[in-house]
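What follows is a set of notes on a single structure, which appears directly below.
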Amino acid sequence: MFTGLIECMGRVVSVLKASGGVSVIAIEAPGIAAEIVPGESVSVSGACLTAVNADGGVFRAQVMEETLKVTRLCRVRPGDHVNLERALKLGGRLDGHLVLGHVDEVGEVTRLEPEGDARKIWISASDKIAWGIAPKGSITVDGVSLTVIDSESGGFSVGLIPTTLRETTLGSLTRGDGVNIEIDVVARYLAQLCGRESKGGITWEKLAGYGW
């Protein structure tokens, strides 16, 4: 479990295909690598990966084929930068929102609008996840916890403050770039509960009857 608050940016050193359909990605991260232990979960641009070892300011994580299929990690190359966050400690401050590190899909940056020192960006989203994106709600883009500004058919917009532009990879995004998207986990479970009408789950009629 993560918060979407990036600890630092790392630099991809290598991506190696290992046996059994598992790849190993090596990431230079002097700020946190020394504290990473084998088996620890690390969010790499929004995808939860398991660290296998760390030394010399570099940690290595295993990546399953499924992860490569549904995230933009299949596109990273040596020299690319990624957003990094270690797992949330129980009892720690939740300054962003609850992030699982389970990417729903890869969206595409469709528009960038400067707003003073800040920037508004528009990102495409399919109907498969559009139901989970709401104005003023939370969303994760490349591992960064953001607030949705606009939500419309085919996409949504978010605002990036100067700190986010400076300290995460979102500051270098250009039109056409792909980004990992994860919708809010609360929306995910609420939608599943509301969709289980035939199994006696929550429905909008029931919620109305309870005064919602």
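Residues -13 to 198, numbered by this note's numbering, are exactly what the sequence shown covers, in order. Backbone N, C-alpha and C define an ideal beta-carbon position, used for all residues, glycine too.
To which residues of the same chain is residue 203 closer than 6 Å at the C-beta, ignoring the five residues directly before and after it? Residue 203 is absent from the structure shown; the chain starts at -13 and stops at 198.
Quick one: what's got a C-beta closer than 7 Å to residue -8's C-beta in the same chain, skipping five residues either side? 69, 70, 71, 129, 130, 153 and 154
Taking DSSP's pairing of strands, which residues face residue 27 in a bridge? Under the DSSP definition of a beta bridge, residue 27 partners with 36.
Using 8 Å as the cut-off, can you tell me whether the segment 32 to 50 makes contact with the segment 81 to 99, which would need three or more C-beta pairs spanning the two stretches below that distance? Touching, yes.
Quickly, what does DSSP pair residue 81 with across the bridge? List them, please. Answer is none; residue 81 lacks a bridge partner.
Going along the chain, which unbroken runs of the beta strand (DSSP E) with 3 or more residues stay wholly within the segment 44 to 125? 44 to 50, 67 to 72, 91 to 101 and 104 to 110
Within 8 Å, strictly: CB atoms of residue 83 and residue 160: no
In angstroms, rounded to a whole number, what distance separates the CA positions of residue 136 and residue 144? 7 Å
Could you give the first and the last residue of the continuous alpha helix (DSSP H) run that contains residue 199? Since the first and last residues shown for the chain are -13 and 198, residue 199 lies out of range.
Would residue 170 be called buried (16 or more neighbouring beta carbons within 10 Å of its own) or exposed? buried
Hey, quick one: how far does the alpha helix (DSSP H) through residue 138 stretch, first residue to last? Note, residue 138: premise wrong, no alpha helix (DSSP H); beta strand (DSSP E) at 130 to 138.
Residue 167 versus residue 53 - alpha carbon distance: 13 Å
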